[in-house]
Amino acid sequence: MNRLVMNLVTKSAIDFTASAVLASGKIVDDFCLSKHIKDKYAVLFFYPLDFTFVCPTELISFSNKIEDFSKRDVEVIGISIDSKFSHYKWRNTPVNDGGIGEVSYNLVSDIKKSISRDYGVLYDDSIALRATFVIDDKFVVRHQSINDFPLGRNIDEFIRIIDAIKHNEEHGEVCPAGWKKGKPAMQASDEGVADYLNSHSAEL
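The opening residue of the sequence shown carries number 1 in UniProt numbering; numbering runs sequentially from there.
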């Protein structure tokens, strides 16, 4: 079993071109990450396999929250080692029959496993773990996380992280533990920390 030690945070995202099923349902063979998300934020999430158990709950949850991502100008992209034909079939299988329905984002086929391997999330040279990367509008990875197979993701957390990144870029403030959009942040200084903790430590 390979050890997952790669850290991409603060580094450029790893570009790729691969087959994909678009949100429209169209199959393409030249989906390019950097071209697709140019000047936008993105959530790139890896999942183990189509037609499995925890995976459809995550993919449907991402789709249900797509408006929250869209209004933040964020592209959502799913990826697994399945073929483009498997993705297509899964999208066209009703939710009540174990499918994901017509999810509102693109699904990339990593059938050669090269993308999962490049991102350091390929388990036992087999399938990808539940890994998530938040990429900013400069194509820099700002967040990465990896869940074990039985552990589904909380999609709201990635929305919170994107809000925090944008708040920092717009206001220069840093975002404390549990920060959510609309809540106080802090100045990155001794005085800023002291002021924040004086008013908010009981909420942490």
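We put the CB at the ideal spot given by N, CA and C, even for glycine. These figures come from a predicted structure and were not determined experimentally.
Nearest neighbour of residue i, chosen from the options [CA to CA]
i: residue 188; options: 196, 174 and 198; result: 174
i: residue 36; options: 106, 201, 113 and 199; result: 106
i: residue 101; options: 203, 87, 112 and 113; result: 87
i: residue 26; options: 62, 103, 60 and 13; result: 103
i: residue 153; options: 55, 120, 116 and 183; result: 55
i: residue 178; options: 93, 157 and 171; result: 157
i: residue 45; options: 66, 144 and 151; result: 144
i: residue 183; options: 63, 40, 75 and 203; result: 203
i: residue 58; options: 18, 92 and 131; result: 131
i: residue 96; options: 116, 176, 60 and 197; result: 60
i: residue 38; options: 185, 12 and 169; result: 12
i: residue 92; options: 192, 23 and 197; result: 23
Delimiting residues of the beta strand (DSSP E) encompassing residue i
i: residue 45; result: 41–46
i: residue 106; result: 106–109
i: residue 100; result: Here residue 100 belongs to no beta strand (DSSP E), and DSSP marks it neither H nor E.
i: residue 78; result: 74–80
Host alpha helix (DSSP H) of residue i (start-end)
i: residue 66; result: 66–70
i: residue 86; result: 84–91
i: residue 191; result: 190–200
Rounded Cβ spacing between residue i and residue j (contact assumed at less than 8 Å)
i: residue 163; j: residue 181; result: 4 Å
i: residue 161; j: residue 134; result: 6 Å
i: residue 20; j: residue 108; result: 5 Å
i: residue 82; j: residue 30; result: Contact flag wrong, Cβ pair sits at about 18 Å.
i: residue 159; j: residue 73; result: So it is not a contact: roughly 13 Å between Cβ atoms.
i: residue 80; j: residue 123; result: Wrong, their Cβ atoms sit about 12 Å apart, outside the cutoff.
i: residue 6; j: residue 172; result: Not a contact, Cβ separation roughly 30 Å.
i: residue 127; j: residue 16; result: In fact, because the Cβ distance is near 17 Å, the residues do not count as touching under 8 Å.
i: residue 62; j: residue 76; result: 6 Å
i: residue 185; j: residue 200; result: Residue 185 to residue 200, Cβ: 10 Å. No contact.
Pair within 8 Å by beta-carbon distance, residue i and residue j
i: residue 78; j: residue 90; result: no
i: residue 148; j: residue 129; result: yes
i: residue 141; j: residue 8; result: yes
i: residue 165; j: residue 195; result: no
i: residue 125; j: residue 14; result: no
Complete runs of the beta strand (DSSP E) confined to the segment 7–35 [at least 3 residues]:
17–21 and 27–32
4-residue-minimum alpha helix (DSSP H) runs that sit fully inside the segment 111–179, ordered along the chain
Taking 4 residues as the minimum length, the alpha helix (DSSP H) runs contained wholly in the segment 111–179 are 114–118 and 155–171, in order along the chain.
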